[in-house]
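Novice: What follows is a structure written as structure tokens; I'll ask about it next.
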Amino acid sequence: MSTIEQLRERFIAKKASATELAREAIARAKKHADLNAFITLDEVGALKAAAAVDAQRPEGPLAGVPVAVKDLFMQDGTRTTAGSKILGDHVAAYDATTVQKLRAAGAVIIGKLNMDEFAMGSSNENSAFGPVKNPWDQARTAGGSSGGSAAAVAARIVPGTLGTDTGGSIREPAAFSGIVGMKPTYGRVSRYGVIAFASSLDQVGPFATTVTDTAHLLAAIAGHDPKDSTSADRPVPAYARGLEDGVKGVRLGVPKEYFTDGIAPDVRRAVDAAIAVYQKLGATLVDVSLPHTEHAIAAYYLLCTAEASSNLARYDGVRYGLSKGREAGLAPMYDRTRSEGFGDEVKRRVLLGTYVLSAGYYDAYYLKAQKVRTLIVRDFQKAHEQCDALITPTVPFTAFALGEKTQDPLQMYLADVFTVSCNMAGLPGVSLPCGFDAKGLPIGLQLLGKAFDEHALLRIARAYERETSWHERTPPGVA
Ligand code: GLN
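This is the structure in structure tokens:
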């Protein structure tokens, strides 16, 4: 398969039209239909969009390139489900800003990718449309909640996709699928038109097979958006430039709380080896501490459920989506619509979130979690005074078997132990391939940067990628 850069090159050199590139991608999506990566493969819409690109001959960074987005992004006239039965037939009435930006950069969107319902989950098993299968081993999860976004890139169906990351939903599936995934700084990318899960944590970001492609995607989607008041009004650097500058003199912080006993030995070995590569390349290692890490999961699951319970109140059968029991009156309509429309994990979170926000428990849970969040922000501020970026495993283990954790939500939540803090601090993070375990499953290396310093993260990631060949390996049966 080709990278974004290679496909764009084919298009610019007129070796392939956008229509041909879209057709090829659609054929690959059909060939790999068993992965269940797509909720909607939009063949008609994609070919129409490709014809327009062929007529206009754009020269943007994604010119002619087929891509796909998580089914959380509004795409005008296209079904947008959030992986939920409650929006199972919902057709978006407008475009997310990021969808518009992909098009403005010359890309062709071929479909909407599978995901955990409302982005709640770490394995894609909470999708109303069935789990996504990991291209490296179909009995295993591709990760979640952006599982389809990761699998579509890992299976080389499209060279780039978009997902969202609230507590790890880009980095964890990227790690499990052997590709690059980046969660930008909170506010770096517009959330307008992206269905909200936990608004103070949600952030849009790219998946790709290489760091340079990741930079091209980020450059295309980043920037201020007057329609999202939380988007940052800062210039967007040319992310794809200067990526080959290396890491001489770069200080990498190794947080001791991320190197504990719970890590699978193969993951530990791979991350240690990656750290050694950085040393060889001239980076300096610094021991740092993020002392409140042990409270991160608890605080995250209080805050995200609180925000989710509020955000999801709008799915009540009145204006859009599923509507059941209308004839019986308002309360029965709410009751039936939400009982039948939401899956178990969403219900669990709405209940938990409503509880932690309730008058008697607000101080004990929600407020306390907010205070922990502040402590976590300070942990990172202190650590980043000593280094340019932190280096950690993305997940303590590799892709687990489908069904392995579905009966135990707490075990599922623990998959996020190394990813949630970054969201609570609003910082950028990237996961990149750093090896394989004894079962042949990919291992992810995580780099956590300073606010709005994605460019440094990409440069640091690229230095490692150039020195290694993990990113060149493809899953069995994938060319
Ligand atoms: N796995 C985490 C959760 O279930 C993170 C999800 C996400 O980042 N969207 O909340």
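Residue numbers for the sequence shown follow the numbering used here, beginning at 65 and rising by one.
For glycine and all other residues, C-beta sits at the position ideal for the given N, C-alpha and C.
Small disclaimer: the values here were computed from a predicted structure and weren't measured.
Is MET184 near ligand 1, with its Cβ less than 7 Å from a heavy atom?
Specialist: Under cutoff, so the answer is yes.
Novice: Assuming contact is defined by CB atoms lying nearer than 8 Å, are SER241 and ALA283 in contact in what I supplied?
Specialist: No, these two residues do not count as a Cβ contact at 8 Å.
Novice: Could you tell me whether the Cβ atoms of GLN450 and VAL350 are closer together than 8 Å?
Specialist: Their beta carbons are under 8 Å apart, which means GLN450 touches VAL350 by this criterion.
Novice: Any idea what DSSP makes of PRO130, helix, strand or coil?
Specialist: DSSP places PRO130 in strand when its eight states are reduced to three.
Novice: Identify every run of the alpha helix (DSSP H) within the segment 266-323, keeping only runs that are complete inside it and at least 4 residues long; order them along the chain.
Specialist: Segments of the alpha helix (DSSP H) lying fully in the segment 266-323: 275-285.
Novice: When you compare the segment 485-500 with the segment 440-456, are there three or more beta-carbon pairs, one atom per stretch, that lie closer than 8 Å?
Specialist: The answer is yes - the segment 440-456 touches the segment 485-500, with three or more Cβ pairs under 8 Å.
Novice: For GLY231, is the beta carbon positioned less than 7 Å from some heavy atom of ligand 1?
Specialist: GLY231 Cβ: within cutoff of ligand 1.
Novice: Looking at ALA397: is its Cβ nearer than 8 Å to the Cβ of GLY405?
Specialist: A small correction: the amino acid at residue 397 is Met; Ala does not occupy that position in the sequence shown. Not closer than 8 Å, so no.
Novice: Considering only residues of the same chain and omitting the five flanking positions on each side of VAL382, which have a CB-CB separation below 8 Å?
Specialist: MET397.
Novice: Flag PHE261 as yes when its Cβ comes closer than 7 Å to any non-hydrogen atom of ligand 1, and as no otherwise.
Specialist: At least one heavy atom of ligand 1 is nearer than 7 Å to the Cβ of PHE261, so yes.
Novice: Could you tell me which uninterrupted alpha helix (DSSP H) segments, each at least 4 residues in length, are contained entirely in the segment 335-403, listed from first to last along the chain?
Specialist: Entirely contained in the segment 335-403, the alpha helix (DSSP H) runs reaching 4 residues are, in chain order, 360-375.
Novice: Using alpha carbons as the reference points, say which of LEU416, ILE174, LEU281, ALA362 lies closest to ASP106.
Specialist: Closest by alpha carbon: ILE174.
Novice: Count the other CB atoms within 10 Å of the CB of THR438; is the residue buried (16 or more) or exposed (fewer)?
Specialist: Classification of THR438: exposed, given that the 10 Å Cβ count is below 16.
Novice: May I ask you to report which of helix, strand or coil DSSP gives PHE482?
Specialist: Coil.
Novice: Exposed or buried, which one is ALA363 when buried takes at least 16 other CB atoms within 10 Å?
Specialist: Buried is the call here.
Novice: Looking only at its chain, what residues have a beta carbon closer than 6 Å to the beta carbon of VAL494, apart from the 5 residues adjacent to it on each side?
Specialist: Same-chain partners within the cutoff: MET246, LEU511, LEU521, ALA525.
Novice: Any chance the CB of GLY480 is under 7 Å from a heavy atom of ligand 1?
Specialist: Note that residue 480 is Asp in the sequence shown, not Gly. Yes, the Cβ of ASP480 comes within 7 Å of a heavy atom of ligand 1.
Novice: Have a look at PRO319, GLY310, GLU358 and flag the residue whose alpha-carbon is nearest the alpha-carbon of VAL341.
Specialist: Ranking the options by Cα distance to VAL341, first place goes to GLY310.
Novice: My parser needs the beta strand (DSSP E) runs of 3 or more residues fully inside the segment 153-211; what are they?
Specialist: The qualifying runs are 172-177, 201-205.
Novice: Kindly give me the distance between the Cβ atoms of TYR256 and ALA160, rounded to whole angstroms, as I take these residues to be in contact under 8 Å.
Specialist: Confirmed, Cβ separation roughly 6 Å.
Novice: For ARG72, which option in PRO223, PHE323, HIS359, LEU307 has the closest C-alpha, if you only look at C-alpha atoms?
Specialist: The candidate whose alpha carbon is nearest that of ARG72 is PRO223.
Novice: In this structure, what does DSSP give as the bridge partners for SER495?
Specialist: Answer by DSSP bridge pairing, in chain order: GLY245, GLN510.
Novice: LEU474 bridges to which residues according to DSSP?
Specialist: BP columns for LEU474 are empty, so no partner.
Novice: Just checking SER374 against ligand 1 - is the residue's beta carbon closer than 7 Å to any of the ligand's heavy atoms?
Specialist: Checking every heavy atom of ligand 1 against the Cβ of SER374, none is found closer than 7 Å.
Novice: Taking the alpha-carbon positions, what's the PRO497 to VAL300 distance?
Specialist: Approximately 26 Å, taken between the alpha carbons.
Novice: Can you tell me the Cα-Cα spacing of PRO270 and ASP229, whole angstroms?
Specialist: Their Cα atoms are separated by approximately 10 Å.
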